[in-house]
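K.L.:
In terms of our numbering, the sequence shown opens at residue 250 and continues consecutively.
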Amino acid sequence: MIGPDIAGIAETLGTAADTATATAQLAAETGLDVDAAYAVQTALVQRRLDRGERLVGLKMGLTSKAKMAQVGVDEVIWGRLTDTMRIPDGGTVDMAAFIHPRVEPEVAFLLDRLPEPGEPVGDFTDAVRAVAPAIELIDSRYANFTFSLPDVIADNTSAGAFVIGPWSPVPDGLDNLGVLLEIDGRLAQVGSTAAILGDPRRALDEGIRLAGRHGVRLREGWVFLAGAATAAVPLRAGAHVRAVVEKLGTASLRASS
Ligand code: OOG
Ligand code: MG
Numbered sequence: 250m251i252g253p254d255i256a257g258i259a260e261t262l263g264t265a266a267d268t269a270t271a272t273a274q275l276a277a278e279t280g281l282d283v284d285a286a287y288a289v290q291t292a293l294v295q296r297r298l299d300r301g302e303r304l305v306g307l308k309m310g311l312t313s314k315a316k317m318a319q320v321g322v323d324e325v326i327w328g329r330l331t332d333t334m335r336i337p338d339g340g341t342v343d344m345a346a347f348i349h350p351r352v353e354p355e356v357a358f359l360l361d362r363l364p365e366p367g368e369p370v371g372d373f374t375d376a377v378r379a380v381a382p383a384i385e386l387i388d389s390r391y392a393n394f395t396f397s398l399p400d401v402i403a404d405n406t407s408a409g410a411f412v413i414g415p416w417s418p419v420p421d422g423l424d425n426l427g428v429l430l431e432i433d434g435r436l437a438q439v440g441s442t443a444a445i446l447g448d449p450r451r452a453l454d455e456g457i458r459l460a461g462r463h464g465v466r467l468r469e470g471w472v473f474l475a476g477a478a479t480a481a482v483p484l485r486a487g488a489h490v491r492a493v494v495e496k497l498g499t500a501s502l503r504a505s506s
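1) Whose C-alpha, out of 497, 440, 473, 300, is nearest the C-alpha of residue 315?
2) For residue 425, which residues from the same chain have a beta carbon less than 7 angstroms from its beta carbon, with the 5 sequence-adjacent residues on both sides left out?
3) Please classify residue 332 as buried or exposed, where buried requires at least 16 neighbouring CB atoms within 10 angstroms.
4) Run through the DSSP bridge pairs and tell me what residue 269 is partnered with.
5) From the DSSP output, in three-state form, read off residue 347 for me.
6) Relative to the C-alpha of residue 461, which candidate in 475, 477, 446, 364 has its C-alpha closest?
7) Between 503, 285, 261, 264, which lies nearest to residue 251 when the distance is taken from Cα to Cα?
8) With DSSP as the reference, identify every bridge partner of residue 309, one or two as the case may be.
9) Between residue 404 and residue 300, what straight-line distance do the alpha-carbon atoms span, to the nearest angstrom?
10) Is the beta carbon of residue 441 within less than 7 angstroms of some heavy atom of ligand 1?
11) Report yes or no: do three or more beta-carbon pairs, one from the stretch 382-392 and one from the stretch 431-440, lie closer than 8 angstroms?
12) How close, in whole Å, do the beta carbons of residue 308 and residue 330 come, if the pair is a contact with beta carbons under 8 angstroms?
13) Buried or exposed: residue 506, going by 16 or more other Cβ atoms within 10 Å of its Cβ?
14) Nearer than 7 angstroms: is that true of the beta carbon of residue 311 relative to any heavy atom of ligand 1?
15) Classify residue 261 as buried or exposed, calling it buried when 16 or more other Cβ atoms lie within 10 Å of its own Cβ.
16) For chain D, find out if any of its Cβ atoms is closer than 8 angstroms to the Cβ of residue 428; answer yes or no.
17) Could you tell me whether any non-hydrogen atom of ligand 2 is closer than 7 angstroms to the CB of residue 476?
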């Protein structure tokens, strides 16, 4: 049997992203399973690397029940972050570059030296140099922000852009910090880091394990997004967005008008 056209699907999704034009879901039609979907993601990100972007980290997706419920997919997934996706804290995102962007509050880790593949992380503070509040801008390339598990994996888990707030040393507890998302000074979402797999530190173990299955090793100096603590909120032109994480502070962005 001839398998799905990995390169062709990556091209379709890459063009959808480059032109900010939604495309139809394609996993069911092309027979894409989870492994093939990660192969598409690799090809899709390679397209970016081929035009000079650099890999700067890994993001986890659907690590909270709120997110799983919002998109109707209940598996933890991971995607890749490149340098051009990073927006300075307080910076402006260009709305024209996205289809139907949403924002979500996250916790970011700055990775230190990680154990050899297959070995446990051990002491979290050896593996993570610093933590920060973050905002992820997700933008599914599928029409109506609707997708199956292999669809969203192939689409680099809807990765669009991200903002990292100030880095702090790892605090004593990370498992029950209050998380807020404000839009134009109004509370839009409220949650806790406990929503992220019970403790966001667990997201790192999952990231190492799940990415390792596909031969991807996390690197010292990479950024790691542990996944959103709350549902995502549509980003409107001109909006000012702030994520606040207790003990860690805030990250913010502005949407172009
Ligand atoms: C998939 C990406 C999920 C998260 O933090 O849970 C994600 C999506 O919701 O489109 O980034
Ligand atoms: Mg996210």
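Heads up, the beta-carbon is just placed ideally off N, CA and C, and yes, glycines get one too. If you're wondering where the values come from, they're calculated on a predicted model, not measured in any experiment.
P.N.:
Walking through what the data contain:
1) 440
2) 441, 442, 443
3) exposed
4) None; residue 269 has no bridge partner.
5) coil
6) 364
7) 285
8) 327
9) 18 angstroms
10) no
11) no
12) 6 angstroms
13) exposed
14) yes
15) buried
16) Among the chains of the structure shown, chain D does not appear; only one protein chain is present.
17) yes
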